[in-house]
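The structure appears right after this line, and notes come after that.
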């Protein structure tokens, strides 16, 4: 299909130029490379046929090196953003691989005995890796790893605010957009460096440093009631330092101490993006569809000159937002101390134990959120937030070998963490006398005749039409202060006991029991807010200590009590497993976990109502879960391997059925036939075989089928204007104390078939051929059904598309019929990933030109295809087809 | 069903079954022979010092095996007398004292042979030295050990020149048993394991950990995902409690998925609405599961909850996890 980038409201990204021109060039280059690949082998036919290199000797070292240099040409058609999201291999020269190995022949090298350095992907691929390993026998051992990950993600996969819908019945939809203003392009650089000193001595030291640096731009939108594009300049860096020492005080006993320190730094800077949503107020744009209907109650409708009917912004004298920005600086320090013990001092008893303590401190300073919206309105939120995460952890593992065949093990784990946090903000709002078209909410609090408190340095950044904020000093102003506290904590106790039986090498088995208790503590104050006015007065001096106890100082308001809300969940799990080896070539293993949780204490509907204490932590946390796994591997002869496995997870939290017919809460009506609560299963079946008869031939084949199903009860509110019968129930139903909401059932299914075949063939000594094919095919549905009748919410028989004639719309008007498959309540949501084919093919040739020199060619094909019928009509599919050709020379010496 | 009734197919199945049975019987006989030749006396690594003959004696017959040890990281057992305070005896550190084996003219039953013994016996041999390593100290309680996976399943001290003496490169080695995960990593949205950016060992410790799925954890016992996805780690003033309590896998499929952002379902709202209903739900942490309220008309706009609630993992400014 044609490239549809012209639909995008943002310009093409650097390096993502139009494909039309490059395609011709790429084809020429492809032909050239193909000819080169055919000619070079014949030129080299008379060369030495010894393809192995033994490297060279540098002093006391045996040295081997290789370097693979080449280039890639990419030719793509279809949705470029989708290709970049899934593959992102672009054209250009590359250092495809490099290796250096130095080994001291007599273990008496100078600075090191062994050195190994390797890398791949350098020069522009999205993933680059460099590894370095150096060791000197008794002195040190160093491992370094550097990784770079370029992460492109088109959020159009989830939603596209440009897809609009008219509030009319029958449903009328616009042609869809392929690209959206939602996008991420970040690059993560990661480094891990670990040094062990005196690795063979009774006392050894470990030093480590890790760095994670993630930077880039995130394009998004802000909504309600209007929308505009934003860009987030995202910068995150984490530095982690580690020091450890292992001491061996007794035989077969090691005590370790580790000290870690992590410093995280996140800087956010948001602003309106250069290619922001075209908002009214810019006369050059004229009539523009933002893609959203204006918000209904409780928002007040803005002046009709701003929003005309059908959700269009039609006036040039009105705007949603002129200026907006956000910034903060988040710093987190996480010091952690850990003490560990491992001992086999007693012959029959293995002991491992560890304990750790951590006190993380987060400080978000310089929070600044200035914005200017509507006619003559401006506000500025500023403040600071602080949070701690105090963690204590201990575990103890004991294994007692009763006899050669029997053993019993016990693993106890305790984890206690709590996050006390505080937030203090001030919001200054200034508004002009012309407040009739205010689009923001603070003004509902009223206004006073004070001077505008927003500092001039901030106010000057709030651009807008001249004169709109005509007289700030005379305008209304308001200052709101807020101080809040939260506390979240968890205590987990887990104990697993297992009895193992290992009578023969052909058979072993275990049974066990795990008890886990989860205690959750959530406390918090409501926002302690005050309408301050000017001059500002002291905010409530509320503090919270590490255990969640609130202390109130001199406050403007009465002390706010923190009500402790403690919930307890007890889980019991039966464990079992067996391994059977009828012959050494055949192995069968199976294990099972059967979990059952008690009724959650403190999780009722409402809290404390014992008749509804049936929820787990969340609706999707299962109170009953069964996991079954079985697998087998059979090797005969040695070069043939057959394998198969089954993995089944069945989960349910059946609060729905339990609550059916309760008149008090009426979450579900008597007679509901689909009161499941939340049930799901994930069943995976895998078979495969590999043939590896010789170095000249190999084959690898596999197939996996995955079946996912979710049945979940929920409630939702629907707009009756947009739905056709029989969606709005004839008889009024209601969810728990929410009349007007509709009890519905999410009936979700996703079936995925994954298959692959890889072939390797070496017909003659110098030539290696390989080829392969991978397929992932998914299908399913995302149905929302009325609980009482079972019919789907969105059953639209006919609809029409429109073309308003604006330059924004490029689609063609039409009409059609669509079924309910996969629609869900909102047909504008891209559903492509639920119904796709994803193909990958490759074929490669390696020709050993002469000793140490190999010519390599690789062709790859990527094909993403969205099969969903309704998606193809409502929204354009995001298919792409891409060929890549990689030619390289590998020189080993 | 008609396919099954075809005579050709029936014959093919019958022949296949017979071949499988024949192969099984042949392999069983080979096992039986191997067992007869197996070690009658499984000596432990600790023995009377006079029973050690030294590595040079071993190399007299097992020259290739000796060279392979000298070329790999286990050369240390031949050059040191003690490692981490424990005595080592070259080849006999692993195979046990060899005097009886030598005196018996190479009698295989007089020395520890790693072939044909119970997996846990192999494990114990290796753990004699490796038990003190922070990476390996939990192996005895690991899922791998419980399922009969021992050290020599993945490592080969005599035949491998790879890092950590693995029998294959790490990723294909793990996939050789975990074929289900191999399929996950070829899905359109996946962690870049096939591309070589990360490896199984970055998130899992094959030698066991104290938490499920042999998962690693951050130093402060947080989820391993936060090692790379640091900005989601917090702590935040407004936490999304399930992120902290239940973990990432309640919403994401970590290996690979057909759904964007490795989500468990294809549509964001179908995930969020399972908990955030208007049923007045209250979660176990005591706070309410905020319902969708009357303004979130699911058939109108709100294509994706995270367009507005974009700080879904936690926020310092918005209790509704808005951006920002």
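Residue numbers (this note's numbering), protein chains in the order written: chain A, 534 to 1426; chain B, 296 to 619. Glycine residues also receive a C-beta, built at the ideal position from the N, C-alpha and C atoms. Every value quoted in this text rests on a predicted model; they were computed, and no experiment measured them.
- Neighbours of residue 509 (chain B) in chain A, taken as residues whose beta carbon is under 9 Å from its own, are absent, since the nearest beta carbon is some 13 Å off.
- The stretch 1030-1049 of chain A makes contact with the stretch 411-427 of chain B: 3 or more CB pairs, one atom from each, lie closer than 8 Å.
- Here the alpha carbons of residue 732 (chain A) and residue 555 (chain B) stand approximately 44 Å from one another.
- At least 8 Å separates the beta-carbon of residue 664 (chain A) from that of residue 647 (chain A).
- Annotated as distal: residue 947 (chain A) and residue 924 (chain A), with beta-carbon spacing of 8 Å or more.
- With a threshold of 8 Å between beta carbons, residue 310 (chain B) makes no contact with chain A.
- In the structure shown, the three-state DSSP call for residue 346 (chain B) is helix.
- Take the alpha-carbon of residue 518 (chain B) and the one of residue 916 (chain A): they are about 30 Å apart.
- Leaving aside the five residues that flank residue 876 (chain A) on each side, the residues in its chain whose CB is nearer than 6 Å to its CB run, in chain order, 786, 884.
- Counting along the chain, residue 395 (chain B) sits inside no beta strand (DSSP E); it lies in the alpha helix (DSSP H) bounded by residues 394-398.
- Interface residue (Cβ-Cβ distance to chain B less than 8 Å): residue 776 (chain A) is not classified as such.
- Within the stretch 883-902 of chain A, the residues whose Cβ lies closer than 8 Å to any Cβ of chain B are, in chain order, 883, 885, 887, 889, 891, 893, 895, 897, 900, 902.
- Closer than 7 Å at the C-beta level to chain A, one finds no residue of the stretch 342-369 of chain B.
- The residue from B:387, B:379, B:380 with its alpha-carbon nearest to that of residue 373 (chain B) is B:387.
- The C-alpha of residue 1168 (chain A) lies about 11 Å from the C-alpha of residue 1225 (chain A).
- A Cβ-Cβ distance of about 20 Å is found for the pair residue 677 (chain A) and residue 720 (chain A), leaving them out of contact under the 8 Å criterion.
- Taking a C-beta cut-off of 7 Å against chain B, the contacting residues of the stretch 1208-1226 of chain A are 1211, 1217, 1219, 1221, listed in chain order.
- DSSP, read as helix, strand or coil, puts residue 1118 (chain A) in coil.
- The beta carbon of residue 447 (chain B) does not come within 8 Å of any beta carbon belonging to chain A, so the residue lies off that interface.
- When 8 Å is used as the limit between beta carbons, residue 723 (chain A) is near these residues of chain B: 523, in chain order.
- Contact check between the stretch 443-454 of chain B and the stretch 479-488 of chain B: fewer than three CB pairs, one atom from each, fall below 8 Å, which does not count as touching.
- Here the stretch 497-504 of chain B does not lie against the stretch 652-668 of chain A, with fewer than 3 beta-carbon pairs under 8 Å apart.
- For residue 790 (chain A), the enclosing beta strand (DSSP E) begins and ends at 786-805.
- Taking a Cβ-Cβ cut-off of 7 Å, the neighbours of residue 492 (chain B) in chain A comprise 660, 662, 680, 682, given in sequence order.
- Looking only at A:1412, A:959, A:681, the smallest Cα-Cα distance to residue 725 (chain A) is reached by A:681.
- Assignment of alpha helix (DSSP H) within the stretch 386-471 of chain B, counting only whole runs of 4 or more residues, yields 387-390, 394-398, 414-425, 438-441, 446-449, 465-470 in chain order.
- Excluding its 5 nearest sequence neighbours in each direction, residue 350 (chain B) has C-beta neighbours in its own chain below 6 Å: 373, 385, 386, listed in chain order.
- Here residue 502 (chain B) really is in contact with residue 431 (chain B); their C-beta atoms are around 4 Å apart, less than 8 Å.
- Counting the other Cβ atoms within 10 Å of the Cβ of residue 723 (chain A) gives 16 or more, which makes it buried.
- Contact of residue 518 (chain B) with chain A by beta-carbon distance below 9 Å is absent, the smallest such distance being about 12 Å.
- Using a Cβ-Cβ cut-off of 8 Å, residue 769 (chain A) is close to 525, 526 of chain B, given in chain order.
- It is roughly 6 Å from the alpha-carbon of residue 377 (chain B) to the alpha-carbon of residue 383 (chain B).
- By the C-beta density criterion, residue 899 (chain A) is exposed, having fewer than 16 other C-beta atoms within 10 angstroms.
- Not a single C-beta of chain B is nearer than 8 Å to the C-beta of residue 672 (chain A).
- Take residue 593 (chain A), set aside five residues on each side of it, and the residues of its chain with a beta-carbon closer than 7 Å to its own are 637, 638, 639, 641, 642, in chain order.
- Per the Cβ contact rule, the stretch 526-533 of chain B is not in contact with the stretch 451-466 of chain B (fewer than 3 Cβ pairs under 8 Å).
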